[in-house]
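Peer 1:
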Amino acid sequence: MSKKEIKKDLINRIRTIKGHLGGIEKMIEEGKSCEQILIQINAVKAAMNKIGMAIIENYTEECIMDAINSPENLQKKVRDIIESLVKFSR
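Numbering (the numbering used here), first residue to last: 838 to 927.
1) Can you grab the Cα-Cα spacing for the pair VAL915 / ILE893, in whole Å?
2) Once you ignore the five residues that flank ASP917 on each side, which residues in its own chain have a CB closer than 7 Å to its CB?
3) Exposed or buried, what is ILE905 when buried is set at 16 or more other beta-carbons lying within 10 Å of its beta-carbon?
4) Quick test of the definition: if touching needs 3 or more C-beta pairs under 8 Å, does the region 880-890 touch the region 849-856?
5) Who are the near neighbours of ILE888 in its chain, counting only those whose CB is closer than 8 Å to its CB and skipping five residues on each side?
6) Which residue comes first and which comes last in the alpha helix (DSSP H) that contains LYS845?
Here's what the structure looks like:
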């Protein structure tokens with residue numbers, strides 16, 4: 838995927854999540870059951886994780902390509918990838 842396609846995909850995913858959040862808000866206003874609301878919250882969490890993983894995948898690929906083109910930066914790029922993974926996994 839090109840950077841433009843990746844960006845478009847991420848924005849579409851975020852818009853979908855916004856729609857889910859609006860749905861959750863409406864469910865709360867309407868007094869829907871906790872179980873139904875929690876199911877939707879789990880769906881949003883899963884969607885957010887997928888966005889995060891897509892960003893990490895793209896970032897990792899960019900770091901590796903940069904390291905190939907500039908081997909002296911390899912150690913720094915590996916450290917950057919690890920730091921990103923740690924931040925995301927919290």
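Virtual Cβ for every residue (Gly too), placed ideally from N, Cα, C.
Peer 2: Based on what the coordinates show:
1) Roughly 13 Å between the two C-alpha positions.
2) So the list reads CYS900, once near-sequence residues are dropped.
3) By the Cβ-count criterion, ILE905 is exposed, with fewer than 16 other Cβ atoms from all chains shown falling within 10 Å of its own Cβ.
4) Three or more beta-carbon pairs drawn from the region 880-890 and the region 849-856 are found closer than 8 Å, and the two stretches are therefore classed as touching.
5) So the list reads LEU847, ARG850, ILE851, ILE854, once near-sequence residues are dropped.
6) Residues 840-867.
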